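Chemist: Residue numbers (the numbering used here): 1304 to 1580.
Glycine residues also receive a C-beta, built at the ideal position from the N, C-alpha and C atoms.
Fair warning: this is a prediction, and the values are worked out from it, not measured in the lab.
1. Which residues does DSSP pair with residue 1364 in a beta bridge?
2. What did DSSP end up calling residue 1520 once you bin it into helix, strand or coil?
3. Tell me whether the beta-carbon of residue 1431 lies closer than 7 Å to the beta-carbon of residue 1374.
4. Relative to the alpha-carbon of residue 1594, which residue among 1377, 1354, 1552 has its alpha-carbon at the smallest distance?
5. Buried or exposed for residue 1538, please, with buried defined as at least 16 other CB atoms from any protein chain shown within 10 angstroms of its CB.
6. Examine the Cβ distances between the stretch 1397–1409 and the stretch 1374–1383 and report whether three or more of them are shorter than 8 Å.
7. Judging by CA-CA distance, which residue of 1316, 1436, 1567 is the nearest neighbour of residue 1268?
8. Pairing CB atoms from the stretch 1506–1525 with CB atoms from the stretch 1360–1371, are three or more of them under 8 Å?
9. I believe residue 1575 touches residue 1523 by the beta-carbon criterion, under 8 Å. Please report the beta-carbon distance rounded to the nearest angstrom.
10. Are residue 1418 and residue 1397 touching if we call contact CB-CB under 7 Å?
11. Give me the Cβ distance between residue 1506 and residue 1571, rounded to the nearest whole Å; I'm assuming they're in contact under 8 Å.
12. Are residue 1411 and residue 1444 touching if we call contact CB-CB under 7 Å?
13. How about residue 1391 and residue 1440: are their beta carbons less than 7 Å apart?
14. Which residue's Cα is closest to the Cα of residue 1321: 1372, 1360, 1424, 1453?
15. In whole angstroms, what is the alpha-carbon distance linking residue 1326 and residue 1362?
16. Measuring CB to CB, does residue 1338 end up less than 7 Å from residue 1323?
17. Go to residue 1436, then tell me how far its alpha helix (DSSP H) extends in each direction, as first and last residue.
18. For the candidate residues 1542, 1533, 1527, 1519, whose alpha-carbon lies nearest to that of residue 1492?
Take a look at the structure:
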């Protein structure tokens, strides 16, 4: 728990530093002040509203018992096992996927795509749900939601920095067009590194937690196997929130996607099936 608080503080400090740096390069001391104000606002929004913004981006709607009665009953059972009561949502997309979001065990949500609920058996959905509950139990969700906000903010900053560098940014008090251009090119890579660093290790841990809670690794292993062979692309959202999902829902595009925010599914399946429970 303490380590996650440290990680959260580091992430919030990171986004503050990025905005301050861009502000200074763009407008000197005036830009520095503006960057400080913006960073405080972004940090506030990241902490309190990042989960709601992510759910809105993916057009999530409350999961209704009448639509998925067996799934709903299964989720209630898992809720009792984990002693966590999240809100449940469905996402109107055919990509089979799921994610957990929120800022604490008392303020959390789990969202499933329509594609996942239609593709998988009830046991497989249970394996996926146990994985998402595990993220909440392990206090991953606030960090993940903040990272999604940071990646989005960095992307917008990079766009405006390139525009400013090309068409004349900076002032005599410290602005520098070349430095802005370099930072604008490096910023998306920084966002990816933050996503990958946070995401890869926590996926293995959540897999293991889910298997131990269910006292079997097979439901999640079977679910990951289906995800491995399904290549339906997500049509909502963008890759700045890819790390939230149980599997990256977006096709590889460009150099950064030669790397991945998630560990390989075959490795996750192998680790699950090698577990002694």
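Modeler: Let me lay it out:
1. 1393
2. coil
3. no
4. Residue 1594 is absent from the model: the chain starts at 1304 and stops at 1580.
5. exposed
6. no
7. Because residue 1268 is not part of the residues shown, which for the chain are 1304 to 1580, the question remains open.
8. no
9. 6 Å
10. yes
11. 7 Å
12. yes
13. no
14. 1453
15. 33 Å
16. yes
17. 1425–1440
18. 1542
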